[in-house]
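**Q** Dropping a structure here in structure tokens format, bear with me for questions.
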Amino acid sequence: MATTAQKPKLVVIVGPTASGKSALSLKIAKEFDGEIICADSRTVYKGIDIGTAKPTKQDRAKVKHWGLDLVEPGQRFTAYRFKKYAQAAISDINSRGKLSILVGGTGLYIDSVIFDFGFRDDANLLKRQKLESLSVLELQEIIKKAGYKISENSQNKRHLIRAIETKGRAGARKSSLPKGVILVGILPPDGVIKEQVGQRAEQIFANGVLSETKKLVRKYGKEAIAETGGIAYKICLEILAGKIIEAEAIEKFKKADWQYARRQKTWFRRNKFIHWFSDAEQASNYIKAQLNT
RNA sequence: GCUGGGGUAGUGAAGCGGUCAAACACUGCAGACUGUAAAUCUGCCGGCUUAUGCCUUCGGGGGUUCGAAUCCCUCCCCCAGCA
934 MATTAQKPKL VVIVGPTASG KSALSLKIAK EFDGEIICAD SRTVYKGIDI GTAKPTKQDR
994 AKVKHWGLDL VEPGQRFTAY RFKKYAQAAI SDINSRGKLS ILVGGTGLYI DSVIFDFGFR
1054 DDANLLKRQK LESLSVLELQ EIIKKAGYKI SENSQNKRHL IRAIETKGRA GARKSSLPKG
1114 VILVGILPPD GVIKEQVGQR AEQIFANGVL SETKKLVRKY GKEAIAETGG IAYKICLEIL
1174 AGKIIEAEAI EKFKKADWQY ARRQKTWFRR NKFIHWFSDA EQASNYIKAQ LNT
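Right, dumping it as structure tokens:
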């Protein structure tokens, strides 16, 4: 059967939010003795559970999950750190003869791992603070004078600041997928995603994000939750501020989550190595076929 | 039934005689994005295979005017107050 050389080292499952990635990864993990690495920039935060649809205690008891609850809300967590973490996790998992399954909707995190991004200089937070006080125009001026090239994101303050921090250098990346990586994407039709986003929004509120938000605010403060909580929490904060009622919040969340799904689609769309499937079932069949060869 | 307010793009909302296809916001669509990425930013968004171009618009109809979304009459519909 499979020789060790050909044995896939990593299964990667991507797709927009609420497309069924988690369920699929769980299924594959159970069937092939795997462990899951969540590539999600929000579930790395402790306590940010309900609003991010973080894998449940039950699921985590059945299959080992990596990448969850790594830091406290409000703390800095970066793509660089995720990449390091994920790579270590993968070699740990593989060294024990298990299958690594990288799953998530944070495209940057996924790409940083599979294309082995060569990240550039870290930010000097003090300098960054100063840069943040400048206007877009002033930042562009600095870049021009230094001779760095201004990208298409020339109106984007964050990108301009980053360009200055990295002295305009581009980051290295692999131009193709490493051997042994199975990369699949789940991309249901828009109508289906919207439907699932809607259902999940109802579910998340029924599960009590609002009271979770209250608890988190008490523990970490409003700022921390607003900054690192994610879409659902920002909206819950609006309820707590008395700006909207819960029914409005749910609708708002559905809309915002769909917009997020669209951004994810845009990111993943340009990755030509992804094998796309319109539902988890088909993706599952493909992965199984690959793993069984 | 009377009085007052209102009917403008998918929605909200400016405009209140000429420079109005119509500010602005939201939605929607497309895109960018290597150390904040569930973030941040860009373009388009009445129609015309897309343009410093043409066409059609401002509840319906009629009128005043060189010229109306803007003034007048009338009809229809909303909302508030009074009956």
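Going left to right, the first sequence walks through residues 934 to 1226 as the working numbering numbers them. Just so you know, even glycine gets a beta-carbon here, dropped at the ideal spot from N, CA and C. Here the structure is a predicted model, which means the values were calculated and not measured.
Would you tell me roughly how many angstroms separate the C-alpha atoms of Ala986 and Thr1199, rounded to the nearest one?
**A** Each residue's alpha carbon lies about 22 Å from the other.
**Q** Run through DSSP, which three-state label would Ser1211 get?
**A** Here Ser1211 sits in coil by DSSP.
**Q** Give me the residue from Asn1089, Ile1075, Gly1118 with the minimum Cα distance to Ile1097.
**A** For the residues Asn1089, Ile1075, Gly1118, the minimum Cα distance to Ile1097 belongs to Ile1075.
**Q** Which runs of the alpha helix (DSSP H) spanning at least 4 residues fall entirely within the region 1033-1113, listed in chain order?
**A** Taking only runs of at least 4 residues, the alpha helix (DSSP H) segments lying wholly in the region 1033-1113 are 1040-1047, 1058-1065, 1069-1079, 1090-1098.
**Q** Suppose the cutoff is 8 Å on Cβ atoms and the five residues either side in sequence are ignored; what does the same chain contact list for Lys1148 look like?
**A** So the qualifying residues of the chain are Gly980.
**Q** Within a Cβ cutoff of 6 Å, which residues of the same chain sit near Ile970, ignoring the five residues on either side of it in sequence?
**A** Correct list, in chain order: Trp999, Gly1000, Ala1019, Ala1022, Leu1035.
**Q** Taking 8 Å as the cut-off, decide whether the C-beta atoms of Ser1033 and Lys942 are in contact.
**A** In contact: Ser1033 and Lys942 (Cβ atoms closer than 8 Å).
**Q** At a threshold of 7 Å, does Lys1127 count as lining the ligand ADP (C-beta to nearest heavy atom)?
**A** This structure lacks the ligand ADP; in fact it carries no ligand of any kind.
**Q** Run the CB neighbour count on Gly1051, radius 10 Å, all protein chains shown included, and call it buried at 16 or more, exposed below.
**A** Exposed.
**Q** Distance check for Asp1025 and Lys1031, CA to CA, integer angstroms please.
**A** Straight-line Cα distance between these residues: approximately 9 Å.
**Q** Identify, in the order they occur along the chain, each residue of the same chain with its Cβ nearer than 6 Å to the Cβ of Lys1016, setting aside the five sequence neighbours on each side.
**A** Around Lys1016: Ser1045, Val1046.
**Q** For the region 1133-1186, which segments carrying the alpha helix (DSSP H) assignment without a break, of at least 4 residues, lie completely within its bounds, in sequence order?
**A** For the region 1133-1186, whole alpha helix (DSSP H) runs of length 4 or above, ordered along the chain, are 1142-1153, 1155-1161, 1164-1173.
**Q** Does the separation of the CB atoms of Ala1213 and Ile1119 fall below 8 Å?
**A** Yes, they are a contact pair.
**Q** Determine whether the beta carbon atoms of Ser1217 and Ile961 lie at a separation below 8 Å.
**A** Yes, they are a contact pair.
**Q** To the nearest angstrom, how far is the alpha carbon of Ser1087 from that of Val1142?
**A** Cα to Cα, Ser1087 sits roughly 37 Å from Val1142.
**Q** Taking just the CA atoms, how far does Leu1093 sit from Leu1072?
**A** Cα to Cα, the separation comes out at about 6 Å.
**Q** What residues in its chain sit with their C-beta under 6 Å from that of Ala1105, if we drop five residues either side in the sequence?
**A** Correct list, in chain order: Gly1051.
**Q** For Phe1186 and Ile1158, which I take to be in contact (beta-carbon distance under 8 Å), what is that distance rounded to the nearest angstrom?
**A** Contact doesn't hold; Cβ gap of about 15 Å is too wide.
**Q** For Trp999, list the residues DSSP reports as bridge partners.
**A** Paired residue(s): Ile970.
**Q** Since Thr950 and Tyr1153 should fall inside the 8 Å C-beta cutoff, what is the C-beta to C-beta distance between them, to a whole number of angstroms?
**A** Actually they do not touch by this definition, with Cβ atoms about 24 Å apart.
**Q** Who does Tyr1013 pair with in a DSSP beta bridge?
**A** Tyr1013 is not bridged to any residue.
**Q** So for Val1125, helix, strand or coil by DSSP?
**A** Helix, per DSSP.
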